[in-house]
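K.L.:
This is the structure I want to talk about, given as structure tokens.
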Amino acid sequence: MARSSTAKDAQALIQSLRSAYAATPTNLKIIDLYIIFAVSTALIQVVYMALVGSFPFNSFLSGVLSCVGTAVLAVCLRIQVNKENKEFKDLPPERAFADFVLCNLVLHLVIMNFLG
Amino acid sequence: MRNLKLFQLSLIFFSSIPLLPILTLAFSAENPTDRRILVLLDDVSLKSSHSIFFSSLQSRGFDLDFKLADDPKLTLQRYGQYLYDGLILFAPTTERFGGSLDLAAVLSFVDSGHDVIVAADSNASDLIRNIAAECGADFDEDPSAVVIDHTSYAVSDTEGDHTLIVSDELIQSDVILGKEKIEAPILFKGIGHSLNPENNLVLKVLSASSTAYSANPNSKLSTPPSLSGSAISLVSVLQARNNARVLISGSLELFSNRLLRAGVQRAGHSKKFDKSGNERFVVEVSKWVFHERGHLKAVNVRHHKVGESDEPAIYRINDDLEYFVEIYEWSGTQWEPYVANDVQVQFYMMSPYVLKTLSTNEKGLYHTSFKVPDVYGVFQFKIEYQRLGYTSLSLSKQIPVRPFRHNEYERFITTAFPYYGASFSTMLGFFIFSIVYLYSK
Amino acid sequence: MAAPETSPTPSSLRNAFGHVFSFFILILIGVLAFSIRLFSVIKYESVIHEFDPYFNYRVTQFLTKNGIYDFWNWFDDRTWYPLGRVIGGTVYPGLTLTAGTLWWLLNSLNIPLSVETVCVFTAPIFSAFASWATYLLTKEVKGAGAGLTAAALLAMVPSYISRSVAGSYDNEAVAIFALIFTFYLYIKTLNTGSLFYATLNSIAYFYMVCSWGGYTFIINLIPMHVLLCIVTGRYSSRLYIAYAPLVVLGTLLAALVPVVGFNAVMTSEHFASFLVFIIIHVVALVYYIKGILSPRMFKVAVMLVLSVGLVICCTVVAVLIALVASSPTKGWSGRSLSLLDPTYASKYIPIIASVSEHQPPTWPSYFMDLNILAFLVPAGIVACFLPLSDASSFVILYIVTSVYFSGVMVRLMLVLAPAACIMSGIALSGAFDVLTRSLKFQLPGTSEIFASDAVDTGSESVILNKDGAKEDKSEDSVKERPSKKSKKKEKEKEKEKEKEKEKEKENAGTLSSRSHAGTSSRRPLVLPVEASVIAIFLLVLLVAFYVVHCVWAAAEAYSAPSIVLTSQSPDGLHVFDDFREAYAWLSHNTDVDDKVASWWDYGYQTTAMANRTVIVDNNTWNNTHIATVGTAMSSPEKAAWEIFNSLDVKYVLVVFGGLVGYPSDDINKFLWMVRIGGGVFPHIKEPDYLRDGQYRIDSQATPTMLNCLMYKLSYYRFVETDGKGFDRVRRTEIGKKYFKLTHFEEVFTTHHWMVRIYKLKSPRNRIRGKTKKSKSKSSSTISSKSSRTRKKNPWN
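Below you can see the structure in the form of structure tokens.
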């Protein structure tokens, strides 16, 4: 009885999650896709590291952190351009994107430095 | 006033001119054999009674300057320069030298790298004993004691008191005594001394046989002799840390024409030698003392990386390097290649990290190559070569070893390729994302 | 300052006026911060101070001569002989690079300054920057008025002056600026939620990591604040933007600094930030889902996620703990551990405990270093709670943690100082705000001005305060010459201050409640005119007293370079320049490759000033090596000679203050040598050097003490100075007066005997036999006899 109710709850939850998510605008969906891509790359690398060991530790670190960093920055961008978010009303999305690009450039510069 | 000063200056200048050619002959690294030797005698007759020894020195090119030990004008140095390269003290009974010479002067003569032959005799003076003691040889404290040996004495016409003893217990060293073995035993008449066994600078060259003892021959032995057996050293040499050499003999007669010429027969042995071993012995030993043998020099220390020829200021860990050194021995007239297979070099930092035996090309050049250890720090190339009779070689050359530079580490490691790929793919993803995002509106 | 740009014209004009005014005040504060630190140059000369700055100076010289790549790869073979030290990988390069860049910039502008000059003035310049950063930070927290007050206070705070006078060329000089600036950018990001500031924040953090090991304070304080915000339900997406990019970018950037390297992810100091990083993601996700779901569905989701998430969290925590526990020190470095457990260092690491600046501070030092700030801080904390914002909660957290840390280590007083300045700035500005407003409100004809907003009055009131302070300062500095007078004055003021204190406290209490009431009702309660006039007068007096104290501290207490000492005596000023005399002797009279052994305190100076190779120096990275030197110093002569000879040491340098009464000499440090030496070589036992637990060098001292090398080298021939051998530091006659050195010979002793240099004798050329010399009676040891019987040096 309890199990079936939780299963039903879960189902309802997923249903409502899906419907709620369907309402998000396209540009946010693009960002979500990008985040998923970055996170999955990071996960693959962690699994790979667990397999072959952590010898070129700096490469591993830069590889994983570049993915994590990308994801984090994308989340930040998503937060800022989200129209429902009241906190960033006075921040134009263009400005947000410019900041995002700057931040990414710094990130990738550091990654390149640290990789070898 | 000024004129006076000028005059003094010119005086010094002119008086130094005749010194110049002498100075060039002085003891030097390039020419270690002594040339000018001061011989101090306490009796002029010694000059003739020991003439064989002296003439052998003169025939080898030495310039002997005979002086009486109490000559009031005696001096070893003038204007801070030593006038002599060697000193022969055949003055066993002199209580004090004339002129400015004293114990301290003799010792500083040794400490500045010059060579001395000291001969004592029965009732040797305190001065001579002190000189010997400063060099590490302690003569028997009883002033009337001589070395007596009732089994190993020289057979003579008259039954003596067995103070002219016979010994062939020589040091086993080709360097000190020459390549040819001295067959005939050596006659000795004088006092014995002992060496501190912990003192590694002095060597017994001629020691007494196990039946010898040191006592006054004219009195009955009341107490056991303080020196006995093969602990008695008859002739010793000192090679100081600065390679100055000192010969200490308990007998002046050892060098005399009488003993050099005498035939010898040891008591209890039937074989009779026509001539004692004394002449060979004193000549060979004097050659060693005056650096005609056993003097090594190491020059031209070089090292460089394999495949290069310039000496770097610093090595990196795991570099391969080559090390060269040339070692020569002085033959009395010229430098000759020194050949040995036991010269070792250490690559040293607090403890030797690398210890390699050098291989030689028989022409004096020694060489080896090795890999710098995987440790950084300030290293030294060290050669510590101490062999019996030879001057000690101790070279050290400092060289720092540094770790890898930041750009010398391995790059593009294959195991790391996925990480590279991930980083670049995120960068690529960033570009694509930017474009898609910007044009999606 | 961009906030009220679109307000009506008269107000905006007033604002513009205020901005210009505060800009000028800021410049003045900068000049003040710079010039108050020049006492050391005026009173002494333009030299580098103390010990560590000499190393930094030497590194900077190398950098300017050889360029950055060689600096990066520098392997220094002149220290830690024979181990050497990889400077590029073990030094915090921030300071060096800063000064090097400054020098390069000036030279390319055709301003030919020597490297030394640039190094001397780096610290004052950066203290001006630091006060500007304080202004920015406080402005973010409580507005421009508080900002200006805090900046002015920081420009003069004695604790910071002590580390940044001209010539004190140390990491802290730039690190405090970096610290404050990083905090400012963090608050700024938190307030705006802009990625741009987040990027700047991580770059500022990078600069901090480059400059000082104290960066761990930042990387622990910020996560703590984030956690605090989350726990108190103040999570916002701005918090996420401020924190998450900082962790990722900051970690990467920190890992770029060679001295930190993988420590940025491997040591426990940084784990807190990662943990909070995970937590903030979870929280962000929860908030996001909460936002898009209906409340009912959200409850269901929470149920589900909680049950799953708990399990995952537990495993992660378990793995982390296992990882940390596997390392012996639990991944913490010794210095950090001694921060958390104050007794750790004295128990396990004598080398850390031996440094005086790692000791806990005494109470007077709080008053000395912070002065009135110590009493204004509570008022500031109260003011921060009204109203509590993200920024003010951060400042509160900052002051609380830094108070704790400063209580553990004197050195970290420096971290406390900016926090105290900010708090006091807030408090003072708040008090002036209320008082002047009540004045203004009650004066006739000014009531309409009351319409202007709080920031404005705040800044104005500060201007008032500042001007008063300035005047007072100039007056006092003129009057101050006769020091006795000023001391008397100080005492009086101290008494006054006590009274004021109480009043001030009351004031703070009342005004805070009042301002609270004001914000709620928009009409602040008004104090009677007389009361506010008196209160303002007292506050100005208080601030004046602070200024007087700061100037005194800067001029007298903290500007001594310690390389040159002076003493005031009835017959005039004495200058002790023995250190430089000794180092100059070394550099002129010894061979370039000679090795000089001394206790590690003097290592940096020896390499920098004498350019000689040293065995150990102030970078105490190899405990064994230091213990070796400590053992040599506490061994008898022969054993010490053997230790030193094995290290190729040619000269031994000891610092001896017994003649002139210089207390921080080697005899006073000697017990640490014994302890550190004994920690590695157990045959050195501390009780052997103590008589009944007392450290003494008089006739009661133990034989071990009287025969150890340090005693002998310090007191050799000492009795010849006054015939009694009276040590002015220990205030006693020394125990053993007449003795000879057998294995060392004195080669140089400076004018006041403060530095004595000995040379190791080379081994004897000949080994003597046992002579029966009638003249010398005793025949104890061979060696001692030989030096007695002959005047001439027998050693070749």
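Chains as they are written, first to last, in the working numbering: chain C, 1 to 116; chain B, 1001 to 1441; chain P, 2001 to 2796.
Beta carbons are placed, not taken as given, at the ideal position from N, Cα and C, and that holds for glycine.
Keep in mind it's a predicted model, so treat the numbers as computed, not measured.
Kindly identify the DSSP beta-bridge partner or partners of P/Glu2733.
P.N.:
Its beta-bridge partners are P/Phe2726.
K.L.:
Using a Cβ cut-off of 7 Å (strictly closer), state whether P/Val2286 contacts chain B.
P.N.:
Judged by the 7 Å Cβ criterion, P/Val2286 is not in contact with chain B.
K.L.:
Whose CA, out of B/Asp1310, B/Val1146 and B/Ala1422, lies closest to the CA of B/Ala1208?
P.N.:
The shortest C-alpha separation from B/Ala1208 is found at B/Val1146.
K.L.:
Under 7 Å between the Cβ atoms of P/Ser2127 and P/Asn2171?
P.N.:
Their beta carbons are not under 7 Å apart, which means P/Ser2127 does not touch P/Asn2171 by this criterion.
K.L.:
Any idea what DSSP makes of B/Tyr1420, helix, strand or coil?
P.N.:
Note: B/Tyr1420 maps to helix in three-state DSSP.
K.L.:
Whole angstroms is fine: what's the gap from B/Glu1292's alpha carbon to B/Gly1061's?
P.N.:
The alpha-carbon atoms of B/Glu1292 and B/Gly1061 are separated by roughly 11 Å.
K.L.:
Could you have a look at P/Trp2074 and say whether DSSP puts it in helix, strand or coil?
P.N.:
P/Trp2074: coil per DSSP, three-state reduction.
K.L.:
Where DSSP assigns a beta bridge to P/Cys2708, which residues make up the other side?
P.N.:
The partner list for P/Cys2708 (beta bridge, DSSP) reads P/Pro2636.
K.L.:
For B/Phe1090, does the three-state DSSP call read helix, strand or coil?
P.N.:
Strand, per DSSP.
K.L.:
Using a C-beta to C-beta distance shorter than 7 Å, which residues of chain C count as neighbours of B/Thr1415?
P.N.:
In chain order: Val52, Phe55 and Pro56.
K.L.:
Is the beta carbon of B/Gly1250 closer than 7 Å to that of B/Ala1091?
P.N.:
For B/Ala1091 and B/Gly1250, no; Cβs fall outside 7 Å.
K.L.:
Across the segment 70-85 of chain C and the segment 2013-2022 of chain P, are there enough close Cβ pairs to call them in contact, namely three or more that are closer than 8 Å?
P.N.:
Not touching, per the Cβ criterion.
K.L.:
Can you round the beta-carbon distance between B/Val1039 and B/Ile1088 to whole angstroms, since I take them to be within the 8 Å contact cut?
P.N.:
Going by Cβ atoms, the distance from B/Val1039 to B/Ile1088 rounds to 4 Å, so yes, they are a contact pair.
K.L.:
Could you give the distance in angstroms between the alpha-carbon of P/Asp2456 and the alpha-carbon of P/Gly2143?
P.N.:
Low confidence applies to P/Asp2456: its pLDDT is 42, below 50, so where it sits in the model is not reliable enough to give any reading.
K.L.:
Quick check on P/Val2209 - is its C-beta less than 7 Å from some C-beta in chain C?
P.N.:
For P/Val2209, the answer is no, since every Cβ of chain C falls outside 7 Å of its Cβ.
K.L.:
Give a yes or no on whether the minimum CB-CB distance between B/Gly1377 and chain A is below 7 Å.
P.N.:
In the structure shown, chain A cannot be found, because the protein chains are C, B and P.
K.L.:
Suppose you measure from the CA of P/Pro2561 to the CA of P/Ser2040; what does that come to, to the nearest Å?
P.N.:
Roughly 7 Å separates the two Cα atoms.
K.L.:
Does C/Ala7 come out as helix, strand or coil in the three-state DSSP assignment?
P.N.:
Residue state, collapsed to three classes: helix.
K.L.:
Is the beta carbon of P/Lys2712 less than 7 Å from the beta carbon of P/Val2649?
P.N.:
No, Cβ-Cβ distance for P/Lys2712 and P/Val2649 is not below 7 Å.
K.L.:
Is B/Ala1215 near B/Ile1232, with beta carbons less than 7 Å apart?
P.N.:
Not in contact: B/Ala1215 and B/Ile1232 (Cβ atoms no closer than 7 Å).
K.L.:
If contact means a Cβ-Cβ distance below 9 Å, which residues of the segment 31-46 of chain C contact chain B?
P.N.:
So the list reads Ile31, Leu33, Tyr34, Phe37, Ala38, Thr41, Ala42, Ile44 and Gln45, given in the order they occur along the chain.
K.L.:
Given a cut-off of 7 Å, decide if P/Gly2430 and P/Ala2383 are closer than it, judged by their beta-carbon atoms.
P.N.:
A contact, by the Cβ cut-off of 7 Å.
K.L.:
Three or more C-beta pairs under 8 Å: does that hold for the segment 1267-1280 of chain B against the segment 1315-1332 of chain B?
P.N.:
As far as the Cβ criterion goes, the segment 1267-1280 of chain B does not touch the segment 1315-1332 of chain B, which means the pair count is below three.
K.L.:
Given this structure, state the Cα-to-Cα distance separating P/Val2141 from P/Ile2241, to the nearest angstrom.
P.N.:
Taking the straight line joining both Cα atoms gives about 18 Å.
K.L.:
If the cut is a Cβ gap below 7 Å, which residues of chain P does B/Ala1240 touch?
P.N.:
Those are Asn2765 and Arg2766, listed as they occur along chain P.
K.L.:
Let's see if you can read the secondary structure: which residues bound the beta strand (DSSP E) around P/Val2652?
P.N.:
Segment Val2649 to Val2655, the beta strand (DSSP E) holding P/Val2652.
K.L.:
According to the Cβ coordinates, are B/Phe1290 and B/Gly1086 closer than 7 Å?
P.N.:
Yes. Within cutoff.
K.L.:
DSSP three-state label for B/Phe1290, please.
P.N.:
Coil.
K.L.:
Would you give the residue range spanned by the beta strand (DSSP E) that B/Asn1295 belongs to?
P.N.:
A small correction: the amino acid at residue 1295 of chain B is His; Asn does not occupy that position in the sequence shown. That run of the beta strand (DSSP E) goes His1295 to Lys1305.
K.L.:
Among B/Leu1227, B/Lys1047 and B/Arg1266, whose alpha-carbon lies nearest the alpha-carbon of B/Lys1067?
P.N.:
Among B/Leu1227, B/Lys1047 and B/Arg1266, the Cα nearest to that of B/Lys1067 belongs to B/Lys1047.
K.L.:
Using a C-beta to C-beta distance shorter than 8 Å, which residues of chain C count as neighbours of B/Val1436?
P.N.:
Within chain C, the residues near B/Val1436 are Ile30.
K.L.:
Out of curiosity, what's the CA-to-CA distance linking C/Thr26 and B/Tyr1419?
P.N.:
Approximately 31 Å between the Cα atoms of the pair.
K.L.:
When DSSP builds the beta bridges, which residues end up paired with B/Asp1274?
P.N.:
B/Asp1274 is not bridged to any residue.
K.L.:
Does the beta carbon of P/Val2283 sit closer than 7 Å to a beta carbon anywhere in chain C?
P.N.:
Closer than 7 Å: no.
K.L.:
If we define contact as Cβ-Cβ less than 7 Å, is C/Asn82 a contact residue for chain B?
P.N.:
Chain B, which has no Cβ nearer than 7 Å to the Cβ of C/Asn82, makes this no.
K.L.:
Tell me, to the nearest whole angstrom, how far the beta carbon of P/His2625 is from that of P/Val2616; I am working on the premise that it is less than 8 Å.
P.N.:
Yes, P/His2625 and P/Val2616 are in contact; Cβ-Cβ is about 5 Å, under 8 Å.
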